[in-house]
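**Student:** If you scroll down you'll find the structure; I have some questions about it.
In the working numbering, the protein residues as written are 901 to 977.
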């Protein structure tokens, strides 16, 4: 099934947002490591929770992009 231009754009936007969250999470994990090494465990744990939430949201966005590809979600304009 071929996607319409608006649906292609929606899928691309979802995938880009997921990728941005992924790399932001990677950056946060590097900061977590540095904070942990510096003995700032409370701050490191808080950032770890944020990084995990980024990963969960990334997974949801990727699933939505798959639903757009499968035709279950459509954009009308």
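By construction, the Cβ of each residue, glycine as well, lies at the ideal position given by its N, Cα and C atoms. Predicted model only: the values in this text are computed from it and were never measured.
1. Terminal residues of the continuous alpha helix (DSSP H) containing residue 974?
2. Just verifying my parser: in three-state terms, what is the DSSP assignment at residue 955?
3. Please identify the residue among 919, 908 and 949 whose C-alpha is closest to the C-alpha of residue 961.
4. List the whole-angstrom C-beta distance separating residue 911 from residue 968, where the pair is believed to meet the contact cut-off of C-beta under 8 Å.
**Tutor:** Walking through what the data contain:
1. Position 74 of the chain shown holds residue 974. For residue 974, no alpha helix (DSSP H) run applies, since DSSP gives it neither H nor E.
2. As a position in the chain shown, residue 955 is number 55, starting the count at 1. Three-state result, residue 955: helix.
3. On the chain shown, position 61 is the one that residue 961 refers to. Residue 919 is the option with its Cα nearest to residue 961.
4. Along the chain shown, read from residue 1 onward, the residue named residue 911 stands at position 11. Along the chain shown, read from residue 1 onward, the residue named residue 968 stands at position 68. Going by Cβ atoms, the distance from residue 911 to residue 968 rounds to 4 Å, so yes, they are a contact pair.
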